[in-house]
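Below is one structure, written out as structure tokens, with a few remarks after it.
See the structure below:
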């Protein structure tokens, strides 16, 4: 079941198209990565999901229902461009923002107390935001975002502004929220956090969706059948041993240990590779090299650019 | 609706709790009361006694200048040079030198130790002049009482004959002043609190909280909540100023009266502050009573009060929405200049043209200015004391309502796009495009 569904969303500004028939579906209780380079259209899509702006065409569904104004109380949003009233006190401000999301004063106070204790920030209640450091402000902002226990949480670059310790704290919090049943849309440039957190992703480039699917599937799909072999023995013997079904991409030694990166061609299997080299060298390890999301991101986005350039020259 | 109330509440409370609000609220009346009473104080300080030595070469004024409580004239038989040399040996403050050719030259000279006040100069020139006049009259054989009967002071009453045949006399300085003051109040309120709306919007933009909030409420709700909240701050401040000023004036007044200050003196100082004070002072008490009577007779007080509230709020709401749009289009206050111009020009124009409208209340300029929504709040208040046909008034009010709706609609479109534009210098062309973006 999908918590959120966007169908063929188109958004134009003046002569510029921000979203060109983009569709995404966010599964319930999952973390969905919304990826793309700067200016790809991610923020436009996120603003449409939050009903800050509307699409020119396309359909949006929340929990199976057509997206409506009252759904915003079920959505939590941490924008990339975020901040708080600098002159307002932390507690008062958090209460205000929670009440704007439909919580009663009592309920908001109760929950705020819980979260402030959990994050060990109770002493900040009467401080003005401007008295806090940037990282402290981010903590308050995160609490405010999740206080109304949204079913769908949209986090745009949530880790920016956090030191590694607090980033980890937030990461664990995100995972805990997911465990409790929250669905999360996670927009970021940080590909390592995508691999760590996301179940599914969609990659948007130049207003179009160019890749989607589960992280596992995508990585599988983008495998290049390349292996890293760790062995001891004669490197020349190793080079001689591999046959034409292999391409030696790189080799080097570290002390007695030798390392080689081998790409298998023509559907050759790692077993065949092992059979070929085992008589000549001592194999200590064999590992498939799986492309990182970072590699996939770069290759997808730059490929697209190449295509466009070749179109130009024709 | 509930959320708009929350926004109004926040906008109101954060501003009312600010130190600057509290300071201004207390300081305003203190300044007002202080200003009023400083004038009494100055009036109450007894003027220094002036001993004036008259050196009269014309021999015309011997013992003829009247002494007052503050001025005593003595007459010297010596030459001017002699008296000048001995000036510091005597206790005279001033030497008044009247040359022998006074009648032709019409010149007198005052020598002093310490700069005498304007009042004394004035007094001397008046009484010497008066004496000269009398002497000239005598010389040409005209009696003083004859002259008095010739001198004419004309009173003009203006009466309008309406189509229906009714006569209507408009001779009302008090209500004119009242209308003018009402116009100024509206002008000040719009400028002060309209600018606050703009600053509030800019604050939300620069602190980057805007996107958080409009993921909870519609931009329109936020904009209207802010405008209404700030209006209530303004009304609170004005109300507190009125109450505190009244209390302050009464308290300080009581103190002064206990101090055996002549109540008349206080009254006079008050009157000295009104533009018509000179004329007012000269009027007999009967005439004054008549004016007050006719004021209540002629000015429909409920209409005036209702109009004031209507234009006060209507004008503010109209401008508030436009100021909000300006705030949304820029990143900081320094960039507001170019967009402020179309707002400040009609406002300042209405203020400067108010004088013109007062002299010509039924001109077509006055009519159109009092109908055009950007100028009507100030101009109509100035016009009302002269009697405005109900048609004009209702037309103008409808135009203001229409203007407000139009301005809010326009501003809401600019606002909802503008608040999400960061780090980009906005141009009029850009804003024009925003009007056509789909929500």
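Protein chains in written order, with the numbering used here: chain A, 346 to 659; chain B, 550 to 988.
Here a beta-carbon is modelled for each residue, glycine too, at the ideal position from N, C-alpha and C.
Which residues mark the beginning and the end of the alpha helix (DSSP H) in which residue 359 of chain A is found? Here residue 359 of chain A belongs to no alpha helix (DSSP H), and DSSP marks it neither H nor E.
Residue interval of the alpha helix (DSSP H) (run including residue 671 of chain B): Residue 671 of chain B -> alpha helix (DSSP H) spans 667-688.
Could you name the residues of the segment 419-433 of chain A whose beta carbon sits closer than 9 Å to any beta carbon of chain B, in the order they occur along the chain? Per Cβ criterion, the list reads 420, 421, 422, 423, 424, 425, 426, 427, 428, 429, 430, 431, 432, 433.
Taking the alpha helix (DSSP H) that residue 444 of chain A belongs to, which residues open and close that run? It spans 435-445 - the alpha helix (DSSP H) in which residue 444 of chain A sits, taken as one unbroken run.
Quick check on this structure: which residue in B:745, B:864, B:881 has the alpha carbon closest to the alpha carbon of residue 930 of chain B? Per the Cα distances, B:864.
If you follow the alpha helix (DSSP H) that residue 561 of chain A is part of, which residue opens it and which one closes it? Counting along the chain, the alpha helix (DSSP H) containing residue 561 of chain A begins and ends at 560-566.
Taking C-alpha atoms, which residue in B:874, B:883, B:677 lies nearest to residue 614 of chain B? With distances taken between Cα atoms, residue 614 of chain B lies closest to B:677.
Is there at least one Cβ from chain B nearer than 8 Å to residue 363 of chain A's Cβ? Not a single CB atom of chain B sits nearer than 8 Å to the CB of residue 363 of chain A.
Listing by chain order, which chain A residues have their CB less than 7 Å from the CB of residue 763 of chain B? Result: 397.
Cβ of residue 877 of chain B versus every heavy atom of the ligand HEM: is any distance shorter than 7 Å? The ligand HEM is not part of the structure shown, which contains no ligands of any sort.
When you compare only the Cα positions, how much space is there between residue 711 of chain B and residue 940 of chain B? In this model, residue 711 of chain B and residue 940 of chain B are separated by some 15 Å (Cα to Cα).
What are the boundary residues of the alpha helix (DSSP H) that residue 904 of chain B is part of? Per DSSP, residue 904 of chain B belongs to the alpha helix (DSSP H) from 886-908.
Distance between residue 628 of chain B and residue 649 of chain B (C-alpha atoms, nearest Å): About 12 Å.
CB-CB length for residue 436 of chain A against residue 470 of chain A, believed under 8 Å: Confirmed, Cβ separation roughly 4 Å.
Which residue from B:704, B:705, B:703, B:679 puts its Cα closest to that of residue 693 of chain B? The candidate whose alpha carbon is nearest that of residue 693 of chain B is B:679.
Residue-level contact to chain A via CB, residue 911 of chain B, 8 Å cutoff: Not a single CB atom of chain A sits nearer than 8 Å to the CB of residue 911 of chain B.
Using CA atoms only, rank isn't needed, just tell me which of A:520, A:539, A:512, A:551 is closest to residue 323 of chain A. Outside the displayed range of chain A (346 to 659) lies residue 323 of chain A, so it cannot be described from this structure.
Determine the closest residue to residue 744 of chain B out of B:889, B:924, B:977, B:921, with distance taken between C-alpha atoms. The candidate whose alpha carbon is nearest that of residue 744 of chain B is B:889.
Looking at the secondary structure, which residues open and close the alpha helix (DSSP H) in which residue 863 of chain B lies? In the DSSP assignment, residue 863 of chain B falls within the alpha helix (DSSP H) that extends over 850-878.
Can you check whether the CB of residue 379 of chain A is closer than 8 Å to the CB of residue 532 of chain A? Their beta carbons are under 8 Å apart, which means residue 532 of chain A touches residue 379 of chain A by this criterion.
Please state whether DSSP places residue 692 of chain B in a helix, a strand or coil. Under the three-state reduction of DSSP, residue 692 of chain B is assigned to coil, being neither helix nor strand.
Test: residue 552 of chain B CB closer than 8 Å to a CB of chain A: For residue 552 of chain B, the answer is yes, since a Cβ of chain A falls inside 8 Å of its Cβ.
Which residue marks the beginning of the beta strand (DSSP E) containing residue 607 of chain A, and which one marks its end? Counted as a single uninterrupted DSSP element, the beta strand (DSSP E) harbouring residue 607 of chain A occupies residues 602-609.
Rounded to a whole number of angstroms, what is the C-alpha to C-alpha distance between residue 644 of chain A and residue 528 of chain A? Going from the Cα of residue 644 of chain A to the Cα of residue 528 of chain A covers about 29 Å.
Considering only residues of the same chain and omitting the five flanking positions on each side of residue 565 of chain B, which have a CB-CB separation below 7 Å? If we look at residue 565 of chain B and ignore the five residues flanking it on each side, its Cβ neighbours are 782, 785.
Between the alpha carbons of residue 587 of chain B and residue 794 of chain B, how many angstroms are there, rounded? One C-alpha to the other measures close to 15 Å.
CA-CA distance, residue 503 of chain A and residue 631 of chain A? Within the model, the alpha-carbon separation for residue 503 of chain A versus residue 631 of chain A is close to 37 Å.
Got a sec, what are the start and stop residues for the alpha helix (DSSP H) residue 708 of chain B sits in? Where residue 708 of chain B is concerned, there is no enclosing alpha helix (DSSP H), although the beta strand (DSSP E) around it starts and stops at 708-710.
Exposed or buried, residue 603 of chain A, counting other C-beta atoms within 10 Å across all chains shown (16 or more means buried)? Its Cβ being crowded by 16 or more others within 10 Å, residue 603 of chain A is buried.
How many angstroms separate the CA atom of residue 442 of chain A from the CA atom of residue 918 of chain B? Cα to Cα, the separation comes out at about 44 Å.
Cβ neighbours of residue 949 of chain B in the same chain (closer than 6 Å, five flanking residues each side left out): If we look at residue 949 of chain B and ignore the five residues flanking it on each side, its Cβ neighbours are 863, 922, 925.
Answer with buried or exposed for residue 510 of chain A, where buried requires no fewer than 16 other C-beta atoms within 10 angstroms of its C-beta. Counting other Cβ atoms within 10 Å of its Cβ, residue 510 of chain A stays below 16 and is therefore classed as exposed.
Identify, in the order they occur along the chain, each residue of the same chain with its Cβ nearer than 6 Å to the Cβ of residue 653 of chain A, setting aside the five sequence neighbours on each side. Because residue 653 of chain A sits at a pLDDT of 36, beneath the cut-off of 50, its placement in the model cannot be relied upon, and the following sentence gives the value as read from the coordinates. Same-chain partners within the cutoff: there are none.
Could you compute how far the alpha carbon of residue 462 of chain A sits from the alpha carbon of residue 421 of chain A? Those two C-alpha atoms are separated by around 21 Å.
So, at 7 Å on beta carbons, what are the nonlocal neighbours of residue 727 of chain B in its own chain, with the 5 sequence-adjacent residues on each side left out? Correct list, in chain order: 934.
Where residue 646 of chain B sits in the DSSP three-state scheme: Correct three-state label for residue 646 of chain B: strand.
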